[in-house]
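Here the structure is laid out as structure tokens; the discussion comes afterwards.
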Amino acid sequence: MNRCVVGLQWGDEGKGKIVDILAEQSDIVVRYSGGANAGHTVVVGDSRFALHLLPSGSIRPDTICVIANGVVLDPDVLIDGIEKLGEKDISLDGRLFISENVHVVLDYHKKEDQLREESLGKNKLGTTIRGIGPCYADKVGRSYTVRMSDLRNLEALKAKLQTIVEYKNKIFGAVYNAEPMSADEIFEKCKTYAEKFLPFLTDTTEFLHRAIANGKSILFEGAQGTLLDLDHGTFPFVTSSNSSSLGMP
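Residues 1 to 249 in UniProt numbering are what the sequence shown spells out, letter by letter.
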């Protein structure tokens, strides 16, 4: 049986606890939308886990975890999450699969998010300043974006980042009168990301179709809530993705 857990309000409905209960009955848990602006807290015994990108099933050693296409991934947050699980002797080796099509939240997204929010003054949206909106905007714009698959070719990624950061710096200077960013510094971080994440990358669409064909039980884990859905929520005070079941892969 395949199931999807979503919140029917603005988030914080207790999805993490429900997902943790259902994860016991599932072979695979899939995080399918949103970014590090959303998180689930799961308590197991005396241990408390705050998960911002990792599926809630990650705390269960036999559960396969998938980060699917619709997520925008902050590598620093994911590295921190993996390391914190490691401190509790929970390994994700061989059971975490990240879509190669996932778009990557980088430092210029966070800067853009902060500058835009500050410029709006009393009309600000109240974002988490984690770069989620700007990353989704770049995804829709298609021209200036980095996906996890780009980590496979660092030489090409370096050239791409030079183009993107040059474009972003024009906006930062002309619109916000802000200092430019360094493409080289961002690239150095991406080299670390490649080392950390390349073993986890796969075509998660094919992976999930194959799992369904083999009769595996899949649990799709929603983030935030239906009333924050970009198309069906309380616009403009919504998130930048489909946080309802519409976001399922």
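Even glycine gets a Cβ: it sits at the ideal position worked out from N, Cα and C.
The residues Asn-169, Phe-172 and Gly-173, in chain order, have a CB closer than 7 Å to that of Pro-180 in the same chain once the five nearest residues on each side in sequence are set aside.
In this structure, the beta-carbon distance from Ile-132 to Leu-161 does not fall below 8 Å. In chain order, Leu-154 place their CB closer than 8 Å to the CB of Lys-191, counting only its own chain and leaving out the 5 sequence neighbours on each side. For Gly-35, the three-state secondary structure derived from DSSP is coil.
Within a 10 Å sphere around the beta-carbon of Lys-111 sit 16 or more other beta-carbons, which makes this residue buried. For Asp-76, the closest alpha carbon among the candidates Pro-61, Arg-95, Asp-107 and Ser-56 is that of Asp-107.
Take the alpha-carbon of Gly-57 and the one of Asn-177: they are about 44 Å apart. Shown here, Phe-220 sits in a strand according to DSSP, grouped into three states. Of the residues assessed, Met-148 falls on the buried side of the cut-off, its CB having 16 or more other CB atoms within 10 angstroms.
Judged by their CB atoms, Phe-97 and Phe-197 are not nearer to each other than the 8 Å cut-off.
Leu-54 is positioned such that its CB atom lies no closer than 8 Å to that of Ala-36.
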